[in-house]
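For the sequence shown, our numbering begins at 63 and goes up steadily by one. Every residue gets a Cβ at the ideal spot worked out from N, C-alpha and C, and that includes glycine. A short worksheet on the structure shown next.
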Amino acid sequence: YQGHKRNFLVTVDHYSDFFEVDLLKDLTPQSVIAACQQNFARHGTPQRVLTDNGTNFVNRQVVKFAKDWDFELVTSAPHHQQANGKSEAAVKIAKRLLMKANETGTDFWYALLHWRNIPNKIGSSPSARLFSRATRCGVPSSINNLLPKVVESVPEAIERNRKKIKFQYDKKARVLPELTTGSPVFVQLNPETSKVWTPGTIANRMNDRSYCVDVAGKEYRRSLVHIKPRQEPATTPVRSETPVPELLPKSGSNSAAADFPAITPSCQMDEFTGENSPPAAMPQSPPLMVSAPAATTRGAVRETESKDNHVGTPGVTRPRRETR
C-alpha cells in the first residue's frame, strides 16, 4: 500500500498472525519479488501465497517467480477485500502503528516489536506462535520467558475464534445460490463506484466464491456477492389450430338423438288432419308484470253479487223496484 509518501509491502502468516513490513522503492514487479525473496529466505518458502489482483502481483515475472520457488499463487476476486481479509487486517494494523509513530515521534519498528509480543484473541502472541518463544522487547521479564516453549492447542484456538466470527457474521448474512456454467446472471462491473447491474452469463467457476462472467464477449472475474441470478423472460407458446368439436350429434347416433332432439323451423305434416302445421315456436317466458290492487267500490261489489246470483239460472231477471 501507499502511505506517507512511501510504498509498503505487508506479508502476513495465517498461522501466527506475524507480519513483515517492507519498504519499496517503487511498485514494480521487480521490487515486490525482491522483498518476497528476503522474507522467504528468512522464514522459509510458503506453500501458498494469496494476493489481490494488483498489476504488481498479476504479471509474468511473479508467475515465473512462483514456479521457480515452488509455491502456489492464488489471487482473490477483484473489488472484494473480504476475500483477502487476513492481509487487509495486517495492512490496517501497520497503518495504525505508522500513524501513531508519526504522531508521537517514536520509532515505527520499535512499536512493531512490541505489537508482535502482545497476546491476541488466540491466547498467545504472534512471536510465541512463530518462534515458540517471546522476543526481548525492553519490557522487564524473567529469563524463563525468553526460553523456547512450544505453544500448544494453537489450531484448536484458531478454529474456535473463526467459529465465533462466523457466528456473528451469519446473523446478518444470507445464503448465496450456487451458480453453474451458462446460467444467466446480473453482475456489478464497478461495485465501488456504481450500483448498476449488467446482464451476463457465467463463463467459468474459479472457486466456491468467485466466478468469471461473460458480458458482451468480455470476461470479468467477480465475487458471488456482486452476482445475482437472472430470470429470462418466458416465451409465449405457439397455439396449434385444433378443429372445433361439433355441437350437434352425428347422424346414426340413436341415443344422442333421443337425448337431444333436433328442433327445425320447417313445417311438419299433422298426422290427424293431413295439413301442414306451422313451425313450432320456441317457448318464451312470460313477461314479468307487476299489478297493483284495484280500489274496491260499492258498485263493483253489487255487480259481483248480481253475477253470482244469476249463475245457473239463465233467463231470470230481478224485478225492478217500483217508485211511488
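Check                                                                                                                                                                                       : Outcome
Please confirm whether residue 216 and residue 249 have their CB atoms less than 9 Å apart.                                                                                                 : no
Relative to the C-alpha of residue 236, which residue among 286, 97, 112, 178 is closest?                                                                                                   : 286
Using the Cα positions of residue 219 and residue 184, report the straight-line distance between them to the nearest angstrom.                                                              : 6 Å
Leaving out five residues on either side along the sequence, give the residues of the same chain with a beta carbon under 6 Å from the beta carbon of residue 82.                           : 73, 101
Report the residue from 263, 254, 186 whose alpha carbon sits nearest the alpha carbon of residue 294.                                                                                      : 263
Leaving aside the five residues before and after residue 143 along the sequence, list all residues of the same chain whose C-beta is less than 6 Å from its C-beta, in chain order.         : 150
May I ask you to report which of helix, strand or coil DSSP gives residue 363?                                                                                                              : Confidence is the limiting factor: at residue 363 the pLDDT is only 44, short of 50, which leaves the residue's position unreliable and the question unanswerable from this model.
Please list the terminal residues of the continuous alpha helix (DSSP H) segment that includes residue 218.                                                                                 : 216 to 232
Under a three-way DSSP split, which group does residue 80 fall into?                                                                                                                        : coil
Using DSSP bridges, identify the partner residues of residue 184.                                                                                                                           : According to DSSP, residue 184 bridges with nothing at all.
Could you give the distance in angstroms between the alpha-carbon of residue 261 and the alpha-carbon of residue 158?                                                                       : 40 Å
Under three-state DSSP, which class holds residue 67?                                                                                                                                       : coil
Does the stretch 79 to 97 come close enough to the stretch 106 to 120 to have 3 or more Cβ pairs within less than 8 Å?                                                                      : yes
Can you give me the C-alpha to C-alpha distance between residue 167 and residue 173, rounded to a whole angstrom?                                                                           : 11 Å
When DSSP labels each residue in this structure, what does residue 356 get in the three-state scheme?                                                                                       : Reliability fails at residue 356, whose pLDDT of 48 lies under 50, so the model's placement of it is uncertain and no value is given.
Within the continuous alpha helix (DSSP H) that includes residue 205, where are the two ends?                                                                                               : Careful: residue 205 lies outside any alpha helix (DSSP H) and carries neither H nor E.
Thinking just about the alpha-carbon of each residue, which of 80, 138, 171, 124 is nearest to the one in residue 8?                                                                        : Any question about residue 8 goes unanswered here, given that the chain covers just 63 to 386.
Let me know if residue 191 comes out buried or exposed under the rule of 16 or more other beta-carbons within 10 Å of its beta-carbon.                                                      : buried
Once you ignore the five residues that flank residue 71 on each side, which residues in its own chain have a CB closer than 7 Å to its CB?                                                  : 84, 86, 94, 97
Quick check on residue 134: does DSSP put it in helix, strand or coil?                                                                                                                      : strand
Please work out which residues of its chain come closer than 7 Å, Cβ to Cβ, to residue 68, disregarding the five sequence neighbours upstream and downstream, and give them in chain order. : 85
Would you decide whether residue 284 is buried or exposed? Buried here means 16 or more other CB atoms lie within 10 Å of its CB.                                                           : buried
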